[in-house]
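Colleague:
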Amino acid sequence: MSYMPCKGRYDTMKYNFCGSSGLKLSAISLGLWHNFGDINSYENSRSMIRRAFDLGITHFDLANNYGPPPGSAEETFGRIVRDDFKAYRDEMMISTKAGYTMWPGPYGDFGSKKYLFASLDQSLKRMGLDYVDIFYHHRPDPETPLEETMRTLDLIVRQGKALYVGISNYKPDQAKKAFGILKNLGTPCLIHQPRYSMLDRWVEDGLLDLLEDNGVGCIAFSPLGKGVLTNRYLHGIPEDSRVASQSTFLNSKDITENLISKVIMLNQIAEKRQQSMAQMALAWVLRKKQMTSVLIGASKSSQIDDCVGALAHLDFCSEELEQIDNILKK
Ligand code: NDP
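If you count by the working numbering, then the sequence shown holds residues 1 to 330, one letter each, in order.
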C-alpha cells in the first residue's frame with residue numbers, strides 16, 4: 001500500500017533550533033543503529049520509519065557501520081526512502097557518519113580524508129541519496145591531524161554531499177579545537193552527538209557549556225541507556241529485547257540487580273508523574289537547555305509512540321530532580 005503520511009504530523013511535535021543555526025530538529029529523533037539491519041524484518045523497519053514520520057519526527061540518524069552487517073541499515077533505509085518517502089525528502093533530516101572500522105586496511109577507519117570521502121560516497125550509494133543533511137565524524141582519531149579531518153568535513157559541504165557537519169564522541173578539549181578549525185574554514189560545526197542519559201552524565205562536566213558558548217547544538221544518543229531506562233527489564237529479560245538479541249552492545253551481564261533496583265525506584269517517580277519510565281528518562285535529558293534532540297532507538301512502532309508521549313510532560317520540579325539524583329548515586 002502506498003504511504004500517505006499523517007496530515008497532522010507537525011501539530012504536536014516540538015522543534016528546537018540546533019545551537020545558533022537556523023535549522024530546527026524534532027525534539028525526538030530516531031536512530032537506526034539496531035533493528036534496521038539485514039537480520040531484521042524489512043516490514044517492521046519500514047513501519048517504524050513511517051510511524052516516526054507520522055508523529056512529526058523529521059530526523060533519522062545513521063552511520064556507515066550500522067546493521068548488521070555493516071552498511072545494511074543504510075541499505076534498508078534507502079529502500080524505505082525509495083518505497084515511501086521519495087516525495088518527502090525535503091521534509092527529512094538524514095544523517096550518517098564515518099569514524100569506526102568499516103573495511104579492512106588503512107583506509108577504512110578513523111579520520112583520514114581518504115576514508116571519510118570514500119565512506120560518504122558509499123553511504124550515499126547505499127541510501128540512494130544525492131546528499132545527506134548532516135555528516136559526522138563518528139569518533140576522534142588519535143593519529144590523523146585534526147586539521148585534515150575538519151578540512152575534509154568542510155570540503156564535503158562545499159561539494160554539496162552534506163549540508164551540515166557534526167562531530168560525535170569528542171571530549172571538550174578536542175571538540176573546542178574542532179569548532180575553531182571549522183569556524184575558520186567557514187563551515188561551522190552544527191551539532192555534537194555525545195552519549196547522555198541518567199546512566200552516563202559526562203557531558204555535564206564541561207561539554208554542554210562549551211556547546212552553548214560556541215552555538216553548537218547537541219543530540220544525545222542512547223538516552224534510554226540502550227533500553228535499560230525503560231520498563232523493559234523490570235521483570236527479567238524479555239525474548240524480544242536487545243539483551244536477548246545478537247547485539248554485542250548490551251548483554252545480560254549489564255542488567256545487574258543494583259541497576260534494576262535503581263530503575264524500579266526511578267519508575268516509581270515516573271508513575272507519580274503519570275509517565276512511563278522511558279518518557280521520564282527522555283524528559284530528563286531534554287531538561288538541559290543545550291539539548292536540541294534526544295536520539296532514541298526502537299524495536300517496534302509502539303515504543304516510538306510511547307517516547308513521543310514524553311513531550312507532554314517535560315518539566316521537573318526541584319524535588320523530583322533531587323530524588324532522581326539520589327537514586328542514581330546509590
Ligand atoms: P536508546 O537508549 O534509546 O535505546 C533504545 C532501546 O530502548 C530500543 O531498542 C528498545 O529496546 C528500548 N526502548 C525504546 N523505547 C522504548 C519504550 N518506549 N519502552 C520500552 N523500551 C523502549 O538508544 P540506542 O542505544 O538504540 O541509540 C539510539 C541511537 O543513537 C542509535 O540508533 C544511533 O543512531 C545513535 N548512536 C550513536 C552512537 C555514536 O557513537 N554516535 C553510539 C550509539 C548510538 P529493545 O530493542 O530491547 O526493545
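No residue lacks a Cβ here, since even glycine has one placed at the ideal position from N, Cα and C.
From the DSSP output, in three-state form, read off Arg195 for me.
Modeller: strand
Colleague: Do Lys97 and Leu146 have their C-beta atoms closer together than 8 Å?
Modeller: In this structure, Leu146 does not lie closer than 8 Å to Lys97 by Cβ.
Colleague: Mind the definition here: the region 291-308 touches the region 264-274 only if three or more C-beta pairs lie below 8 Å; say whether that holds.
Modeller: no
Colleague: Looking at the unbroken beta strand (DSSP E) that takes in Val165, where does it start and where does it end?
Modeller: Ala162 to Ser168
Colleague: Along the chain, which unbroken stretches of the beta strand (DSSP E) at least 3 residues long are found entirely within the region 84-155?
Modeller: 93-98 and 132-137
Colleague: Could you tell me which uninterrupted alpha helix (DSSP H) segments, each at least 4 residues in length, are contained entirely in the region 208-274, listed from first to last along the chain?
Modeller: 257-272
Colleague: Can you pull the DSSP bridge partners for His34?
Modeller: In the DSSP output, where bridge partners are listed per residue, His34 has none listed.
Colleague: Taking the beta strand (DSSP E) that Phe60 falls in, what are its first and last residues?
Modeller: His59 to Asp61
Colleague: Please state the DSSP three-state secondary structure of Phe316.
Modeller: Coil.
Colleague: Put Asp205 into one of helix, strand or coil per three-state DSSP.
Modeller: coil
Colleague: Taking buried to mean at least 16 other C-beta atoms within 10 Å of its own C-beta, is Met93 buried or exposed?
Modeller: So Met93 ends up on the buried side.
Colleague: Just verifying my parser: in three-state terms, what is the DSSP assignment at Thr187?
Modeller: coil
Colleague: If you follow the alpha helix (DSSP H) that Thr76 is in, where does it begin and where does it stop?
Modeller: Ser72 to Ile80
Colleague: Would Trp202 be called buried (16 or more neighbouring beta carbons within 10 Å of its own) or exposed?
Modeller: By the neighbour-count definition (other C-beta atoms within 10 Å, threshold 16), Trp202 is an exposed residue.
Colleague: For my contact list, Leu366 and Ala298 are in at a C-beta cut-off of 8 Å; report their separation, rounded to the angstrom.
Modeller: The structure shown does not extend to residue 366, since the chain is modelled only from 1 to 330, so the question has no answer here.
Colleague: Alpha carbon to alpha carbon, what distance is there between Asp61 and Lys171?
Modeller: 21 Å
Colleague: Distance check for Ile324 and Thr144, CA to CA, integer angstroms please.
Modeller: 41 Å
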